[in-house]
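Protein chains in written order, with my numbering: chain A, 1233 to 1848; chain B, 748 to 975.
Where a beta carbon is used, it is the ideal one built from N, C-alpha and C, also for glycine.
Encoded as structure tokens, the structure appears first; notes follow it.
Laid out in structure tokens, this is it:
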């Protein structure tokens, strides 16, 4: 255990000491002597962000249901606390036992966002664990990682021992049990890795090498260990309705990003938006039965006392029984003042009735994500949303008394023109006009339209994985043009920093060559890159220069569809030929129907790697 | 409508939880215990609760209070048992009573009793007690810095200990350890924190290497606990 008396004295000097103490309700504490595998679930961002992540709650409780495994939590300490820890020789520790991370068997990072990669390095370093896997001997914990960003694991190939590909509920137990055997039989780390790579969904980067062409593109991948598979398959849960879901969740003391019960109602998405990585990665579409969900909601509300319940998914209105489910939950919890929220809802007339009913308990703002201003642009990205389908629900919302509306857009989408960008303004102004073009007596409240423009980042395993990202100049031109043009007190415009999106793009589609840049940039002080106040763009650019890696090669270069991509050795289920077809369709602004209307043969149903698509 | 006052402890790591967070913690505990809490009306209904004076961050307590309004009466022992079943480990409801008085919980609390443990190699308890007497009877001036949030300025304020301390007595535990029993007056105009108290000692040449404070009770005008 770390020196807790020393910690106790120092904690009052930190902002929000409650981030670092654990001991929340529903935390799991076990007796160390009964445990075969000590697992630290590591979230490379602050407590408030990490505790809002549903996946962490699922895996934490799932692992802890195993008698011989104890899973604890660790988050990135905020910079003030990091300084206190470094000055006073307090190593990074897990919240439950206050044991330092070095004492653990497995440290598992979740990679939700490329801009948290430097925090992975910083957390290892704070735990006195060398960041490079080659510098860690057998006495060091096994460092593993999963989550959406591990779908292109190469930027961290020399840091992480094992990547877990895909949905982790099954594979994490298989891996942990194998680790328990390793300890029992005194296997070396290498012997363990050789066995582990036979588990479907496990990628051991040290068993591979990459050969490059002269133009820096990939010539081929070389397998260095005969046990290692040529293709690594992402894991997919077959029986989603019966998949493990926790009966309780830790209740934080401090406000977190999402302070609520989160119910995952479905996985996957039928929509096929061409920019969306999650929409491709989490196929096939699978949903839970209403009875299952009602039961799970009851468990979690009783165990946490939360006053809000969120029905989470990529597109909640695509659940076949969403109305029935929401109505049942609403009736059940109305009296107890528990609000039900439905984010990521497509607002048609049916779901609108629903949202109106839900708002009777607790009222909040409305959010719409048209993503693009013109119909052509929305067809390019396959958003499958007409202007009418955007404006009608807005009009209804105004009639029902709403007066704050948020609109989310992206700039820098493939084939985008100045006209497409300016149409963002037009759409926002149409929304404004809808509000005021009503009879005077109907106009209530103070209208506020918030327009947010994010910079498009092409992601692996999407139909846009080959496209060139806009240059920073292009992004700034577009973003600032809107800033100049949107001149209305009722319309608030903001845009995401192009510099951040540029670095994000490099690591999203990076190969092994960006790995050293990452480590060097962290050594030079980069951390919390997703937080504006800590993002050091100049340091990043300096480091690319020093290491001799051209960031434009990864961010702003258009690839041929014949090029070997760094993540081509991973099989997510969706076929590359489908992505190419979608890419070509997009360039002609041709839309593809959603999976409910017509199967587009993406491949997930053919390969049956997790079970056939239930919606076809 | 029924009003119930609960006395609770806040021990261990819970001392790092702020007053505002304790409020949410309690409301969630009431939810988990499925007590028939009363809610306010309006767009965002909230549970009707009120609390005593905020406890400073870093101080443990055996005598904290909160008041809860219920729409129907629950047998008091059942209420205590149900709440304790869903509380975090270091927080327990010690007692509860139905209350129909007019005074708010805040105005019921007139004094706060603390035990302050001091580690030091250089304190003479006799000298310390002399200082404590001066602090109570004649008063000692100290300055307090307060951040004015509206003006974003730090405002210095001079305060006299005389009207803030009701009782204070130091006892030697062993050669490096001293324990002070102290009763602060609490009022809407201001009250003293354990950390302010230590600051006054330090400004008057008492060397404190380390201290920790435990609040023992919130007392009413008769110096009795709000609830026994």
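CB contact check: residue i to chain B, cutoff 7 Å
i: residue 1250 of chain A; result: yes
i: residue 1485 of chain A; result: yes
i: residue 1257 of chain A; result: yes
i: residue 1843 of chain A; result: Residue confidence is low: residue 1843 of chain A scores 49 on pLDDT, short of 50, so the model does not pin down where it sits. Its coordinate-derived value is still stated next. No, residue 1843 of chain A does not count as interfacial toward chain B.
i: residue 1330 of chain A; result: no
i: residue 1253 of chain A; result: yes
i: residue 1848 of chain A; result: Interpretation of residue 1848 of chain A is limited by its pLDDT of 44, a score under 50 that renders its predicted location unreliable; the figure taken from the coordinates is listed afterwards. No, no contact with chain B.
First through last residue of the beta strand (DSSP E) which encompasses residue i
i: residue 891 of chain B; result: 888-895
i: residue 1727 of chain A; result: 1723-1727
i: residue 1637 of chain A; result: 1636-1643
i: residue 1226 of chain A; result: Because chain A spans 1233 through 1848 in this model, residue 1226 of chain A falls outside it and cannot be assessed.
i: residue 921 of chain B; result: 912-921
i: residue 924 of chain B; result: 924-932
i: residue 816 of chain B; result: 807-817
i: residue 842 of chain B; result: 840-845
i: residue 1571 of chain A; result: 1571-1573
i: residue 1387 of chain A; result: Looking at the DSSP string, residue 1387 of chain A is not in any beta strand (DSSP E), and its letter there is neither H nor E.
i: residue 864 of chain B; result: 858-866
i: residue 1302 of chain A; result: 1301-1307
Three-state class that DSSP yields for residue i in the structure shown
i: residue 1842 of chain A; result: For residue 1842 of chain A, the predicted model reports a pLDDT of 49, less than 50, meaning its position is unreliable; a value from the coordinates is still stated below. Three-state DSSP puts residue 1842 of chain A in coil, outside helix and strand.
i: residue 1698 of chain A; result: coil
i: residue 1270 of chain A; result: strand
i: residue 1525 of chain A; result: helix
i: residue 1318 of chain A; result: helix
i: residue 1661 of chain A; result: helix
i: residue 1481 of chain A; result: coil
i: residue 1827 of chain A; result: coil
i: residue 969 of chain B; result: coil
i: residue 752 of chain B; result: strand
i: residue 796 of chain B; result: strand
i: residue 1381 of chain A; result: helix
i: residue 1737 of chain A; result: helix
i: residue 1251 of chain A; result: helix
i: residue 906 of chain B; result: strand
i: residue 959 of chain B; result: strand
i: residue 1732 of chain A; result: helix
i: residue 1281 of chain A; result: helix
i: residue 1420 of chain A; result: coil
i: residue 771 of chain B; result: helix
Minimum Cβ-Cβ distance from residue i to chain A less than 7 Å
i: residue 789 of chain B; result: no
i: residue 798 of chain B; result: no
i: residue 775 of chain B; result: yes
i: residue 863 of chain B; result: no
i: residue 943 of chain B; result: no
i: residue 801 of chain B; result: no
i: residue 972 of chain B; result: no
i: residue 829 of chain B; result: no
i: residue 835 of chain B; result: yes
i: residue 760 of chain B; result: yes
i: residue 956 of chain B; result: no
i: residue 768 of chain B; result: yes
Where residue i meets chain B, residues with beta-carbon distance less than 7 Å
i: residue 1244 of chain A; result: 804 and 805
i: residue 1539 of chain A; result: 778
i: residue 1569 of chain A; result: 786 and 792
i: residue 1312 of chain A; result: Residues of chain B passing the Cβ test: none, with the nearest at roughly 14 Å.
i: residue 1534 of chain A; result: 779
Proximal residues of chain A, C-beta to C-beta of residue i below 8 Å
i: residue 825 of chain B; result: Under the 8 Å cutoff, chain A gives no residues; its nearest Cβ is about 17 Å from residue 825 of chain B.
i: residue 948 of chain B; result: Residues of chain A passing the Cβ test: none, with the nearest at roughly 18 Å.
Contact set between residue i and chain A, taken where Cβ atoms lie within less than 9 Å
i: residue 967 of chain B; result: Within chain A, no residue comes near residue 967 of chain B; the closest Cβ sits about 29 Å away, beyond 9 Å.
Residue range of the unbroken alpha helix (DSSP H) whose run includes residue i
i: residue 1556 of chain A; result: 1554-1565
i: residue 1754 of chain A; result: 1746-1755
i: residue 1406 of chain A; result: 1400-1416
Cβ distance (whole Å) where residue i is taken to contact residue j below 8 Å
i: residue 1341 of chain A; j: residue 1276 of chain A; result: 6 Å
i: residue 1507 of chain A; j: residue 1696 of chain A; result: 6 Å
Closer than 7 Å at the beta carbon, the chain A residues around residue i
i: residue 764 of chain B; result: 1250 and 1485
i: residue 772 of chain B; result: 1485
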